[in-house]
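Chains as they are written, first to last, in the numbering used here: chain A, 9 to 333; chain B, 880 to 1211.
Each residue gets a CB set at the ideal place from its N, CA and C atoms; glycine is no exception.
It should be emphasised that the depicted structure is a prediction, and the values quoted were computed from it without experimental measurement.
Reviewing the structure listed below.
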């Protein structure tokens, strides 16, 4: 199978869908003439023209709202944020308008919109540029939140997100755009709301999503050498969350570690922890462990950042703890 | 512009009187606690709506506004009984009882809400116009806001985008003098709101918002500009609301005399004066209109009273287009 970069998978998904459906357009900072701040829309202005690939000023509130308004009136917009850190100045349009329009209107308006861009830390970018808002968006009814971890999943999930009739928050990573992975030539989509067991195992379940899941894979490799078999579940979607896949795995392994790049208070990990204790209490042979970032804004210094971010050693330690080893 | 004939004056009189009496009825049933939540009434501002509707092509033009929004959808053709039922929280309401006072919508009639966050609807209005331009529909969006909303960043970001892309939209500030209880002069160095258009080179100007003829003339020019590809316009309608911001407003920020001064230029009275002066209707005919309005309002109240509350499942059914969305449970 051919191998392509994550950014190419994103561009392919958008381009294929735009060829199929003329109501779709792409809007955001640097997406057109510059070919995308991270080149995830390379070649799209040339192919689709300035009516469908639009550079915006630095006005996240303005263009997020224009996207929602146009979605009320026949378009299927893809709105790119250069990072979701910048979505905060436009978050009113996402939470109050995109997520709630259908409900407030008694079901009159579908809002088929995708807000996409990178999330979480990406090197030493410090406090304002290193934030993971998956759990913020996932907290809000009306939205769906998708976070792929490799090019194959990114393409299939983004195509589904664009076709979805509900607003989808689609979160990537600056540090994944260059990642290469196998992506088939032909047309395919992946379902939203379905987790993927990336690695089967019997001793412990590790749940993760997005780029940080790579630390889980590395830890699983290390632990395998020590005779510990890890099952690694990639959530792929955090709203709606695929609880069944997690519960099924925990009922098999009886132990759970959750790895999530997010502040530790009230996040996706805590939600999973609640659901598992509520629905699989008798299957647990150890308390659930979760690994998050430090409970502080992201620091700049490399020494501090290494301490702040979860890594494979943290995962190994947590797995051994739930195994009482 | 469509001629302002005898029929137009009579329609204006009946429409505006109906809107006013509809709002008065809501105030009355609010005090009886049949309608709850916030209640923002349009009394005094009716000429803005009447004049705008005259200049619109209702077969394709659209309207979007903030939370003072009960009567605009009625003007666009929505059954007023369903608007009142929405305020009663009934299943027959325009949003099946999910939206309430601040969130009236009608996709069918081109009324796009009904928005509760001050200024949040401004980029949406540009977005509606973006889609109309994208699909080459030659339709125009009328995007209304209050004098408080113009100080939000959303206005400025949207003005820039709307001019950049020459969107077919008319922005209308209904300046009723007070953002809740704070006057325009207390919150801005410049009080000529229409001048905010100048920085974006957007055609702009002030309009006498108490006179539907003046409103219709200004709106017609703006709508035609938008429809013919000339881009957006920003109009400041100088108007006035007689009632408080919402129902709990003691109105200490203004004098009774000020309110009385504005009632002298009341839009309904102005229209009625023309009707009398030009003998468009006899006293008996006017009395008939008054009676008809009273009956229609009563009919709305009856419909809302007698309608059933929504089924509990509707709370889930309307959130996602996806039919089998797996909602989390919230209690045993």
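_contact_flag[the segment 175-190 of chain A, the segment 293-301 of chain A] where n(CB pairs < 8 Å) is 3 or more_ = no
_Cut-off 7 Å between Cβ atoms - residues of its own chain near residue 1079/B, not counting five sequence neighbours on either side_ = 1038, 1039 and 1042
*Hey, would you say residue 291/A sits closer than 9 Å to residue 262/A, going by beta carbons?*
yes
*asked:* Could you check whether the Cβ of residue 158/A sits closer than 9 Å to any Cβ belonging to chain B?
replied: no
*Report back the beta-carbon spacing between residue 1086/B and residue 896/B to the nearest angstrom; my notes put them in contact at under 8 Å.*
Contact doesn't hold; Cβ gap of about 22 Å is too wide.
*asked:* Looking only at its chain, what residues have a beta carbon closer than 6 Å to the beta carbon of residue 294/A, apart from the 5 residues adjacent to it on each side?
replied: 263 and 330
*Tell me, please, whether the segment 1129-1139 of chain B touches the segment 1091-1110 of chain B by the rule of three or more beta-carbon pairs shorter than 8 Å.*
no
*Does the beta carbon of residue 1182/B come closer than 9 Å to any beta carbon on chain A?*
no
*For residue 201/A, is the classification buried or exposed, using 16 other Cβ atoms within 10 angstroms of its Cβ as the cut-off for buried?*
buried
_At the level of alpha carbons, what is the spacing between residue 62/A and residue 1201/B?_
29 Å
*asked:* Just to confirm the assignment, what range does the alpha helix (DSSP H) spanning residue 941/B have?
replied: Not the alpha helix (DSSP H): residue 941/B falls in the beta strand (DSSP E), residues 941-943.
_By the three-class DSSP mapping on this structure, what secondary structure does residue 286/A have?_
helix
*Confirm, please, whether the CB-CB distance from residue 1111/B to residue 1047/B is below 9 Å.*
yes
_Same chain only: Cβ atoms within 6 Å of residue 976/B, ignoring 5 sequence neighbours per side_ = 968, 969, 970 and 1189
_Exposed unless 16 or more other CB atoms sit within 10 angstroms - verdict on residue 884/B_ = exposed
*Tell me whether residue 117/A sits in a helix, a strand or coil according to DSSP, three-state version.*
coil
*Spatial neighbours of residue 1187/B within its chain, please: CB distance less than 6 Å, with the 5 preceding and 5 following residues excluded, ordered by chain position.*
970
_For residue 205/A, which residues in the same chain have their Cβ closer than 6 Å to its Cβ, ignoring the five residues on either side in sequence?_
241
*residue 1198/B versus chain A: which residues are under 7 Å apart at the beta carbon?*
110, 111, 149 and 150
_Could you check whether the Cβ of residue 277/A sits closer than 9 Å to any Cβ belonging to chain B?_
no
*Excluding five sequence neighbours on each side, which residues of the same chain lie with their C-beta closer than 6 Å to the C-beta of residue 940/B?*
1018 and 1019
_Option nearest residue 149/A by Cα separation, candidates 198/A, 88/A and 248/A_ = 248/A
*Within its chain, find whatever has a CB closer than 6 Å to the CB of residue 126/A; leave out the 5 residues flanking it on each side and keep chain order.*
91, 180, 181 and 182
*Would you identify the three-state DSSP class for residue 205/A, choosing helix, strand or coil?*
strand
*So, helix, strand or coil for residue 1054/B, using DSSP?*
strand
*What's the C-alpha gap between residue 107/A and residue 1164/B?*
49 Å
*I think residue 1059/B touches residue 1027/B, with their Cβ atoms under 8 Å apart; what is that distance to the nearest whole Å?*
7 Å
*How many Å lie between residue 269/A and residue 163/A at the Cα?*
22 Å
_Bridge partners for residue 84/A per DSSP, in chain order?_
32/A
_Strand pairing of residue 63/A, partner residues [DSSP]_ = 36/A
*Going along chain B in order, which residues have a C-beta closer than 7 Å to the C-beta of residue 300/A?*
Within 7 Å Cβ-Cβ: nothing; residue 300/A doesn't reach chain B, min ~21 Å.
*Should residue 894/B be labelled buried (16 or more other beta-carbon atoms within 10 Å of its own) or exposed?*
buried
*What does residue 1022/B pair with, by DSSP beta-bridge criteria?*
943/B and 1050/B
*For the beta strand (DSSP E) that contains residue 267/A, what are its first and last residues?*
264-267
*How about residue 101/A and residue 122/A: are their beta carbons less than 9 Å apart?*
no
*Quick one: which residues of the segment 936-949 of chain B get their C-beta closer than 9 Å to a C-beta of chain A? List them in chain order.*
941 and 943
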